[in-house]
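2 protein chains.
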Amino acid sequence: MKTLTSLEQHPGCINTTLRIIGEKWTALILKELTTGPKTFSEIETLMDSISPRTLSQRLDKLEDESIIIKKVYCQHPPRYTYELTTKGQELETVLRKMAEWGAKYS
Amino acid sequence: MKTLTSLEQHPGCINTTLRIIGEKWTALILKELTTGPKTFSEIETLMDSISPRTLSQRLDKLEDESIIIKKVYCQHPPRYTYELTTKGQELETVLRKMAEWGAKYS
DNA sequence: CAGTATCCTTGTTGATACTG
DNA sequence: CAGTATCAACAAGGATACTG
Numbered sequence: 001m002k003t004l005t006s007l008e009q010h011p012g013c014i015n016t017t018l019r020i021i022g023e024k025w026t027a028l029i030l031k032e033l034t035t036g037p038k039t040f041s042e043i044e045t046l047m048d049s050i051s052p053r054t055l056s057q058r059l060d061k062l063e064d065e066s067i068i069i070k071k072v073y074c075q076h077p078p079r080y081t082y083e084l085t086t087k088g089q090e091l092e093t094v095l096r097k098m099a100e101w102g103a104k105y106s
Numbered sequence: 001m002k003t004l005t006s007l008e009q010h011p012g013c014i015n016t017t018l019r020i021i022g023e024k025w026t027a028l029i030l031k032e033l034t035t036g037p038k039t040f041s042e043i044e045t046l047m048d049s050i051s052p053r054t055l056s057q058r059l060d061k062l063e064d065e066s067i068i069i070k071k072v073y074c075q076h077p078p079r080y081t082y083e084l085t086t087k088g089q090e091l092e093t094v095l096r097k098m099a100e101w102g103a104k105y106s
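Protein chains in written order, with the numbering used here: chain A, 1 to 106; chain B, 1 to 106.
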């Protein structure tokens with residue numbers, strides 16, 4: 001029975017997730033990417049007020065964690081698109097639950 | 001169809017949730033409370049390394065947000081127990097999804 | 001036990017300017 | 001456009017000591 005099982009299979013599972021989406025901006029960036037690949041400036045515009053420095057940091061980390069992948073879509077000049085990997089897509093259920101709770105209580 | 005609906009009913013839902021459980025320690029505190037009411041020092045022990053100052057801050061905020069409720073269980077000297085409200089219990093599904101993702105990728 | 005008060009270190013952001 | 005570099009400002013957290 002679901003409700004009787006412990007929340008975590010082993011300690012730290014929740015923190016693993018939190019270390020990713022708990023940082024400011026990251027969950028929002030991921031949310032935008034669920035609707036499809038985006039470029040740096042598209043995300044920047046959607047966020048409205050994130051500094052390029054911070055966006056760059058978040059994107060780098062997400063790429064390091066294999067949650068997103070950066071793809072070249074144009075050679076000259078080089079242009080990139082960021083899109084969710086499978087690992088990243090699987091975060092959508094977490095975001096959805098967060099959105100549901102937030103919708104109910106905000 | 002679920003997968004075709006937008007993640008957020010309106011902008012900010014995800015952030016609402018994040019402002020609560022995105023803070024360091026909070027998700028863990030909540031996790032501990034899903035197994036039943038706890039006292040300040042019980043939580044403190046379970047967290048192992050949280051400072052009383054931080055725990056106190058988190059508990060105050062959670063109480064302000066009506067996610068937990070503080071109950072007297074002893075008059076002299078006054079002793080308190082913290083337990084989840086319905087609103088707080090409903091965060092369990094979020095924590096569970098986080099734990100599932102974390103279990104898979106940690 | 002159940003916190004509160006202080007202080008101090010560190011991490012995180014934002015602003016801005018600059019580069020290929 | 002797609003970032004990187006630098007710097008200043010602030011918030012958050014930890015350590016510790018103290019109180020009812």
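Using N, Cα and C, we set each Cβ at its ideal position, and we do this for glycine too. Please read these numbers as outputs of a predicted model, since none were measured by experiment.
| query | Leaving out the 5 sequence neighbours to the left and right, which residues in its chain are closer than 6 angstroms to S66 of chain A when beta-carbon positions are compared? | reply | Answer for S66 of chain A: T85 and K87, listed in chain order.
| field | R147 of chain A - partner residues in DSSP beta bridges | value | In the structure displayed, chain A extends from 1 to 106; residue 147 of chain A sits before or after that span and is not available.
| request: Quick one: using the 10 Å Cβ neighbour count with 16 as the cut-off for buried, is C13 of chain B buried or exposed? | output: With 16 or more other Cβ atoms within 10 Å, it is buried.
| request: Check whether the Cβ of I68 of chain A sits closer than 7 angstroms to any heavy atom of the ligand GDP, and report yes or no. | output: The model on display carries no ligand, and the ligand GDP is accordingly not part of it.
| Reduced DSSP secondary structure (H/G/I, E/B, other) of I68 of chain B | If DSSP states are grouped into helix, strand and coil, I68 of chain B belongs with the strands.
| query | Which residues in the same chain as I21 of chain B place their Cβ atom closer than 6 angstroms to its Cβ, once the five residues preceding and following it in sequence are excluded? | reply | If the five residues before and after I21 of chain B are omitted, its C-beta is found closer than 6 angstroms to the C-beta atoms of A27, all from its own chain and listed in chain order.
| field | Cβ-Cβ separation, L30 of chain A to L91 of chain A (assumed contact under 8 angstroms), whole Å | value | Sure, about 6 angstroms apart at Cβ, within 8 angstroms.
| message | Could you check whether the Cβ of G36 of chain A sits closer than 8 angstroms to any Cβ belonging to chain B? | response | Not an interface residue.
| message | Quick check: the Cα distance between A99 of chain B and S41 of chain A, rounded to an integer number of angstroms? | response | Answer to the nearest angstrom: the Cα atoms are 32 angstroms apart.
| said: Looking at chain B, is there any beta carbon in it that lies within less than 8 angstroms of the beta carbon of V72 of chain A? | reply: Cβ-Cβ to chain B under 8 angstroms: no for V72 of chain A.
| Residues in the segment 74-103 of chain A with C-beta within 9 angstroms of chain B's C-beta atoms, listed in sequence order? | If the cut-off is 9 angstroms between Cβ atoms, the segment 74-103 of chain A has K87, E90, L91, E92, T93, V94, L95, R96, K97, M98, A99, E100, W101, G102 and A103 near chain B.
| said: I need the boundaries of the alpha helix (DSSP H) containing W25 of chain B, first residue and last residue. | reply: Segment: none, W25 of chain B is in no alpha helix (DSSP H) and carries neither H nor E.
| query | Going along chain B, which residues have a C-beta under 8 angstroms from K31 of chain A? | reply | Scanning chain B for C-beta atoms nearer than 8 angstroms to the C-beta of K31 of chain A yields L7, E8 and I14, reported in chain order.
| Extent of the continuous alpha helix (DSSP H) to which S41 of chain B belongs | Where S41 of chain B is concerned, the enclosing alpha helix (DSSP H) stretches over F40 to M47.
| query | For T39 of chain A, which residues of its own chain have a beta-carbon under 8 angstroms away from its beta-carbon, when the five flanking residues on both sides are left out? | reply | Scanning its chain for C-beta atoms nearer than 8 angstroms, with the 5 sequence neighbours on each side dropped, one finds around T39 of chain A the residues R79, Y80, T81 and Y82, in chain order.
| Distance between E23 of chain A and I43 of chain A (C-alpha atoms, nearest Å) | Cα-Cα distance, rounded: 16 angstroms.
| How about T107 of chain A: is its C-beta nearer than 8 angstroms to some C-beta of chain B? | The structure shown does not extend to residue 107 of chain A, since chain A spans only 1 to 106, so no value can be given for it.
| query | Among the residues of its own chain, which have a CB less than 7 angstroms from the CB of A50 of chain A, if the five just before and after it don't count? | reply | Before going further, note that residue 50 of chain A is Ile rather than Ala in the sequence given. Counting only residues of its own chain and dropping the five nearest sequence neighbours on each side, I50 of chain A has a CB closer than 7 angstroms to the CB of W25 and E44.
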